[in-house]
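Scroll down for the structure; my scribbles are underneath it.
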Amino acid sequence: MFRVTERPIDLDELIRYVTDPEAGAIVPFIGTTRNNNEGRKVIALDYVAYPEMAEKELARIGADAAKKWPICKMAIVHRLGPVQIGEASVIIAVSSAHRDAAFAASRFAIEEIKKTVPIWKKEVFEGGEVWIGTQTGQPLPDR
Amino acid sequence: MIVRIKFFAMLRERAGVAEVSKEIAPGSSVADLWRQLQVDYPKLAVPGIRLLYAVNQNYVGVDHRLNDNDEVVFVPPVSGG
Numbered sequence: 001m002f003r004v005t006e007r008p009i010d011l012d013e014l015i016r017y018v019t020d021p022e023a024g025a026i027v028p029f030i031g032t033t034r035n036n037n038e039g040r041k042v043i044a045l046d047y048v049a050y051p052e053m054a055e056k057e058l059a060r061i062g063a064d065a066a067k068k069w070p071i072c073k074m075a076i077v078h079r080l081g082p083v084q085i086g087e088a089s090v091i092i093a094v095s096s097a098h099r100d101a102a103f104a105a106s107r108f109a110i111e112e113i114k115k116t117v118p119i120w121k122k123e124v125f126e127g128g129e130v131w132i133g134t135q136t137g138q139p140l141p142d143r
Numbered sequence: 144m145i146v147r148i149k150f151f152a153m154l155r156e157r158a159g160v161a162e163v164s165k166e167i168a169p170g171s172s173v174a175d176l177w178r179q180l181q182v183d184y185p186k187l188a189v190p191g192i193r194l195l196y197a198v199n200q201n202y203v204g205v206d207h208r209l210n211d212n213d214e215v216v217f218v219p220p221v222s223g224g
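Chains as they are written, first to last, in my numbering: chain A, 1 to 143; chain B, 144 to 224.
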């Protein structure tokens, strides 16, 4: 299960999806929106995506993780649109026979998401708004 | 030949449009297209920005040669998660 959604992400659905009789561990990771960033008081976040490619890249991450570690199942769902402070912006769930593989695959997935998946976050803070980007991290000069 | 370009996030705001079709010379590369788009949309380029390039939803290098009807996206710094 690799998708983007404009609705709140249902953790239970992901857990059910990765539940497997051969698994001895399920690792969930929940990325949540924080109320501060680089000294700014963040009011809300707004995510946009190139949705078709984002889902392809999420699936690619799942396939790469399955090559690196003996995992049973993986699910990644990323939220789009406005996300309030404290809500989940991304949830990853991984199951494996033994816990090490699931922990490693989960960590790998979140790091890859931040590098290659075409999803962008606009931060609305007190006094302005800015597109966040890990390749430069710079705000738009004319905003 | 004609290619379709989709803009997202900061590039969509700077272009003022979500999607355009553009006629380009056969054999044009992604870099050639980016140069021509900056003429069409003078505000498009962000100084110092590092882009990734996607053609038909796969990442390619900047020298990748385009084909008729390709879907091209210039990917500004991603920030999912």
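By construction, the Cβ of each residue, glycine as well, lies at the ideal position given by its N, Cα and C atoms.
Out of A:Val117, A:Pro82, A:Met74, state which residue places its alpha-carbon closest to the alpha-carbon of Val94 (chain A). To locate residue 94 (chain A), count along the first sequence from 1; it is residue 94. Closest by C-alpha distance to Val94 (chain A), out of A:Val117, A:Pro82, A:Met74, is A:Met74.
Return the CA-CA distance between Lys122 (chain A) and Ala97 (chain A), expressed in angstroms with no decimal places. Along the first sequence, one-based indexing puts residue 122 (chain A) at 122. Along the first sequence, one-based indexing puts residue 97 (chain A) at 97. Going by the C-alpha atoms only, they are around 38 Å apart.
So within the segment 161-213 of chain B, which uninterrupted beta strand (DSSP E) runs reach at least 3 residues, ignoring any that extend past its ends? Correct list: 162-166, 195-198, 201-203.
Excluding five sequence neighbours on each side, which residues of the same chain lie with their C-beta closer than 8 Å to the C-beta of Arg208 (chain B)? By 1-based counting over the second sequence, the position of residue 208 (chain B) is 65. So the list reads Gly170, Ser171, Ser172, once near-sequence residues are dropped.
Check each residue of the segment 111-126 of chain A: if its Cβ is closer than 8 Å to any Cβ of chain B, include it; give the result in chain order. Contacts with chain B (Cβ-Cβ distance below 8 Å) from the segment 111-126 of chain A involve Ile113, Lys114, Lys115, Thr116, Val117, Pro118, Ile119, Trp120, Lys121, Lys122, listed in chain order.
Looking at chain B, which residues of the segment 45-57 of chain A have a Cβ within less than 8 Å of any of its Cβ atoms? The segment 45-57 of chain A vs chain B, Cβ under 8 Å: Tyr47, Val48, Ala49, Tyr50, Glu52, Met53, Ala54, Lys56.
Considering just the uninterrupted stretch of the alpha helix (DSSP H) at Phe108 (chain A), what are its terminal residues? Reading the first sequence from its first residue, position 108 is the one you call residue 108 (chain A). Where Phe108 (chain A) is concerned, the enclosing alpha helix (DSSP H) stretches over 99-116.
Which of helix, strand or coil does DSSP assign to Leu11 (chain A)? Here residue 11 (chain A) refers to the residue found at position 11 when the first sequence is read from its first residue. DSSP places Leu11 (chain A) in helix when its eight states are reduced to three.
Express the C-alpha separation of Leu187 (chain B) and Leu11 (chain A) in angstroms, rounding to a whole number. Counted from its first residue, the first sequence places residue 11 (chain A) at position 11. Counted from its first residue, the second sequence places residue 187 (chain B) at position 44. Approximately 39 Å between the Cα atoms of the pair.
Residues in its own chain within less than 7 Å of Thr116 (chain A) by CB, not counting five upstream and five downstream? Indexing the first sequence from 1 puts residue 116 (chain A) at position 116. If we look at Thr116 (chain A) and ignore the five residues flanking it on each side, its Cβ neighbours are Glu57.
Relative to chain B, which residues along the segment 76-91 of chain A have a C-beta separation below 8 Å, given in chain order? Answer set for the segment 76-91 of chain A: His78, Ser89, Val90.
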